[in-house]
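Quick note: the sequence shown, position 647, residue 649 per this note's numbering, numbers continuous. The beta carbon of each residue, even a glycine, is placed where N, CA and C say it ideally should be. Treat the numbers as computed from the prediction; the structure is a model and nothing was measured. Down below is the structure, laid out as structure tokens.
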Amino acid sequence: MTAAVRVLLALLVLAGGGCASLSTLERDRAAEIAAQARSGRMVACEAEAACARPSPLRELGERALAESAPGRPRHYAVLLDYGQDALLARLDLIRGARRSIDLQTYIFDEDDAGHLVLEELMAAVRRGVRVRMLVDQLSALRQVETLAALASSHVNFQLRIYNPVLHRARITYPMYAWAAACCWRRLNQRMHSKLLVIDGLVAITGGRNYQDDYYDWNPEYNFRDRDVLVGGPVIADMAANFEAFWNARLAVPVERLDDVGRFLLRNGAPELRDWPYADPERVAAASRAADDTDLVRQRLADAAIPVGEVLFIADQPQKHRRDPEVAASAVHASPLLMGLIESATEEVLLQTPYLVLSKEAQEMFRRMRQRDPRPRVVVSTNSLAATDSFITYALSYKYKRRYLRDFGFEIHEFKPFPEDAPIDLDATGAVAISWNEDGSVNIGPPERPAAAVPRRGEGGDGQRRESPLSREYAALRYAGVGVHERVPLKRAGVRFGMHAKSLVVDNRVGVVGTHNFDPRGDTYNTESAVVIEDPAFARALADSIRRDIAPANSWVIARRDKPRVLPGLEYSLAKASEHLPLFDLWPVRYATSYEFQPGPDCPRPLSPFDPGFRACHEPVGDFPEVNIGFRTLLTRIFTAFGAGLAPIL
3 MTAAVRVLLA LLVLAGGGCA SLSTLERDRA AEIAAQARSG RMVACEAEAA CARPSPLREL
63 GERALAESAP GRPRHYAVLL DYGQDALLAR LDLIRGARRS IDLQTYIFDE DDAGHLVLEE
123 LMAAVRRGVR VRMLVDQLSA LRQVETLAAL ASSHVNFQLR IYNPVLHRAR ITYPMYAWAA
183 ACCWRRLNQR MHSKLLVIDG LVAITGGRNY QDDYYDWNPE YNFRDRDVLV GGPVIADMAA
243 NFEAFWNARL AVPVERLDDV GRFLLRNGAP ELRDWPYADP ERVAAASRAA DDTDLVRQRL
303 ADAAIPVGEV LFIADQPQKH RRDPEVAASA VHASPLLMGL IESATEEVLL QTPYLVLSKE
363 AQEMFRRMRQ RDPRPRVVVS TNSLAATDSF ITYALSYKYK RRYLRDFGFE IHEFKPFPED
423 APIDLDATGA VAISWNEDGS VNIGPPERPA AAVPRRGEGG DGQRRESPLS REYAALRYAG
483 VGVHERVPLK RAGVRFGMHA KSLVVDNRVG VVGTHNFDPR GDTYNTESAV VIEDPAFARA
543 LADSIRRDIA PANSWVIARR DKPRVLPGLE YSLAKASEHL PLFDLWPVRY ATSYEFQPGP
603 DCPRPLSPFD PGFRACHEPV GDFPEVNIGF RTLLTRIFTA FGAGLAPIL
């Protein structure tokens, strides 16, 4: 049966009533079933402390408030570069919570990392801590039974799903196709904001979701990501933003959604079961680390940077209203970030996994390029070999000439096997890999028993695991194009992709947030970021980004050598083809990837605009490390025909 026939049959089923909604009375009954099943059982604790563990990170928030004065705020900020540190920080804060935990995220998966955090949240609930969890529909927990169990679990726990298209917590691929046909704009309006707020004292925001890939726990592919932990007065603004989303019309209690409600009506309230971990030893080690307050203090709290004022910029949920004026008034993150970038006089360090710019952003960078003197713009992003979204990369690939020549970008593309990145390779549970001097790879045996490492795409319970990004591109999947799959590489081993969203302006302002600096963030997604104007913080963030763009971790993009025959004509034809709205068929691209070649005359990498660049760098092709094949062809196809997809990618 062809993919098109499958889609047609699925749509006929849906149209015929296979997606019938519950009545208001049925939803009320389902909600009552969940409410009556909720336990009120608590562990014996002193009411004020709620049996909380000592938390060095929570103490940062208390100290910041104690040191603040009217007009002189004090904050403490901790950059969370390592995935293991990001997980450790979350466990420490959850265990140290005394009153409330508010968690907002785009993805919450049912894998080891997600289950561990859920267990910690449930333990906090039983201590008397109020826990509220808000998850976007497209990437919420994948089993309806789990959602029903959470809805019925405890009086101190609440779960809401944001923007539940078709009034369901989970949608299947055929339903996704149906939603794309009936409700395209709403389907694309996603809550990409991410927050973890503890007791109104300290919070974490940034790029990470709740899934193994973000904490170096996936044996095949992990994200190089970044969060920032902040304690101090700005937490009041972060908590208020969470409150706005929690009370928004699009945030629906999970038990009132059709699929969860139908499960409750048919089966009653299920017990919240214990989950089998894919790697129980690794989970136990993470739990023990969170028990060690000295370790948390040394690795995280002692690294806190004291800063003054901190600004939290965030979209409001009204961004998803139908009224254009109301929606526009709720967009805060994009214009403030663009204003900050345009204020640069010396240098902009921009890090984004997906280098696709809106028209407004392109005009801004074009204006900046025309200044005298003009600020330097350095961009850290993904290579095709590293990205989790090759169709997005294809759009970036299409505009390389514009980025380099018109905007003056110095683009560094992250390698899939970075040699000196803040990544814990041992934590992945993958095979050991190392490199020889000639660039070939050594593959060692797994350090753990093979049974402890799930097969590709599976969790510890043997169920199929799919990338959350695959759900966003589900309609294209049903069209027969696996656009969410990563491209095959020439070498084996666990690979990494850039997912951090950060910005440094003039070494004085640092930004860490959720915004990819792309059209989706401008138009469809809600986004947020922490802005800190402090030289010490900005330098620390800049050092982190510069480590990512070092030659061991990234290739640099530069103009390819000019052809010997009619170079001006080729350039003009390529430029004209690029400007076509749909068809960009010119086969030779303006730029390609280069590798730094150190030597006595080349002690350090040079800017691609430096006259001596080619003496110290050699071209390695448009798609280094990629095993040229079908998806490379698809990349070129989307480069040629995919310009219209830019606003949603």
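Distance, residue j Cα to residue i Cα
i: Y78; j: L352; result: 23 angstroms
i: A91; j: V285; result: 15 angstroms
i: A22; j: A250; result: 25 angstroms
i: G85; j: Y164; result: 26 angstroms
i: A332; j: A242; result: 14 angstroms
i: Q1; j: V532; result: In the structure displayed, the chain extends from 3 to 651; residue 1 sits before or after that span and is not available.
i: S391; j: R488; result: 7 angstroms
i: E344; j: A287; result: 45 angstroms
i: V7; j: R187; result: For V7, the predicted structure reports a pLDDT of 49, less than 50, and the residue's modelled location is therefore unreliable. A value from the coordinates is still provided. Those two C-alpha atoms are separated by around 25 angstroms.
i: G341; j: L143; result: 36 angstroms
i: I425; j: A39; result: 43 angstroms
i: A617; j: A593; result: 17 angstroms
i: R192; j: T207; result: 17 angstroms
i: P621; j: Y401; result: 19 angstroms
i: R129; j: D104; result: 16 angstroms
i: I630; j: P490; result: 8 angstroms
i: S530; j: D229; result: 12 angstroms
i: D70; j: V312; result: Note that residue 70 corresponds to Ser in the displayed sequence, not to Asp. Cα to Cα, S70 sits roughly 12 angstroms from V312.
i: D323; j: P308; result: The displayed chain sequence assigns Arg, not Asp, to residue 323. One C-alpha to the other measures close to 39 angstroms.
i: S442; j: R497; result: Unreliable positioning characterises S442 in this predicted model, as indicated by a pLDDT of 42, which lies under 50. A coordinate reading is not provided.
i: G495; j: T525; result: 37 angstroms
i: A88; j: A115; result: 11 angstroms
i: H156; j: M124; result: 8 angstroms
i: A363; j: H501; result: 20 angstroms
i: I435; j: P420; result: Note that I435 scores 45 on pLDDT, short of 50, meaning its location in the model is unreliable and no value can be drawn from it.
Distance between beta carbons of residue j and residue i, contact taken as under 8 angstroms
i: P319; j: F247; result: 5 angstroms
i: A271; j: I551; result: Contact flag wrong, Cβ pair sits at about 51 angstroms.
i: G512; j: I237; result: G512 to I237, Cβ: 18 angstroms. No contact.
i: V232; j: R60; result: At roughly 12 angstroms, the Cβ-Cβ gap does not stay under 8 angstroms, so V232 and R60 are not in contact.
i: V262; j: R162; result: Not a contact, Cβ separation roughly 11 angstroms.
i: A538; j: Y596; result: That pair is no contact at about 33 angstroms.
i: V358; j: P377; result: Their Cβ separation, rounded to whole angstroms, is 21 angstroms, which puts V358 and P377 out of contact at 8 angstroms.
i: K503; j: N527; result: Incorrect: roughly 11 angstroms between the Cβ atoms, too far for contact.
i: Y405; j: I413; result: 6 angstroms
i: R264; j: L24; result: 6 angstroms
Of the residues the options, the one placed nearest residue i, counting alpha carbons only
i: R258; options: R376, L149, L231, A538; result: L149
i: E112; options: G85, D94, V133, S141; result: S141
i: V381; options: V119, L189, L505; result: L505
i: R290; options: A396, D408, L93; result: L93
i: W117; options: R275, P610, P420; result: Looking at the sequence itself, residue 117 is His, so the reference to Trp does not match. It is R275 whose Cα lies nearest to the Cα of H117.
i: P235; options: A68, T430, G499; result: A68
i: S546; options: N509, V133, G410; result: N509
i: L252; options: L27, P626, A171; result: A171
i: R31; options: R299, L397, D260, L543; result: D260
i: G410; options: L95, R371, V328; result: R371
i: M135; options: L386, V119, Q106; result: Q106
i: Y399; options: G623, V137, V131; result: G623
Range of the contiguous beta strand (DSSP E) that encloses residue i
i: S546; result: That residue, S546, is in no beta strand (DSSP E); its alpha helix (DSSP H) goes 537-550.
i: I307; result: 307-309
i: G523; result: Note, G523: premise wrong, no beta strand (DSSP E); alpha helix (DSSP H) at 521-525.
i: E421; result: Where E421 is concerned, there is no enclosing beta strand (DSSP E), given that its DSSP letter is neither H nor E.
i: M193; result: That residue, M193, is in no beta strand (DSSP E); it is neither H nor E in DSSP.
i: T516; result: First-last for T516: undefined, no H or E at that position.
i: D374; result: First-last for D374: undefined, no H or E at that position.
Range of the contiguous alpha helix (DSSP H) that encloses residue i
i: Y592; result: Taken as a continuous stretch (DSSP letters only), Y592 belongs to no alpha helix (DSSP H), as it is neither H nor E.
i: G499; result: G499 -> not in any alpha helix (DSSP H); beta strand (DSSP E) instead, spanning 497-500.
i: S360; result: No alpha helix (DSSP H) contains S360, which DSSP labels as neither H nor E.
i: H117; result: 114-128
i: Y164; result: That residue, Y164, is in no alpha helix (DSSP H); its beta strand (DSSP E) goes 159-164.
i: L149; result: 146-153
i: A182; result: 175-184
i: R616; result: 615-618
i: L397; result: 392-400
Distance cut-off 6 angstroms: residue i Cβ against heavy atoms of the ligand ZN
i: G310; result: Although the ligand ZN was asked about, the structure shown includes no ligands whatsoever.
Residue ranges of each beta strand (DSSP E) run of no fewer than 3 residues wholly in the region 208-263, ordered along the chain?
-> 223-226, 229-233, 253-255
For the region 36-87, list the beta strand (DSSP E) runs that are entirely contained and at least 3 residues long, ordered along the chain.
-> 77-82, all fully within the region 36-87.
Please list the segments of the beta strand (DSSP E) lying wholly inside the region 273-348, counting only runs of 3 or more residues, in order along the chain.
-> 307-309, 312-316
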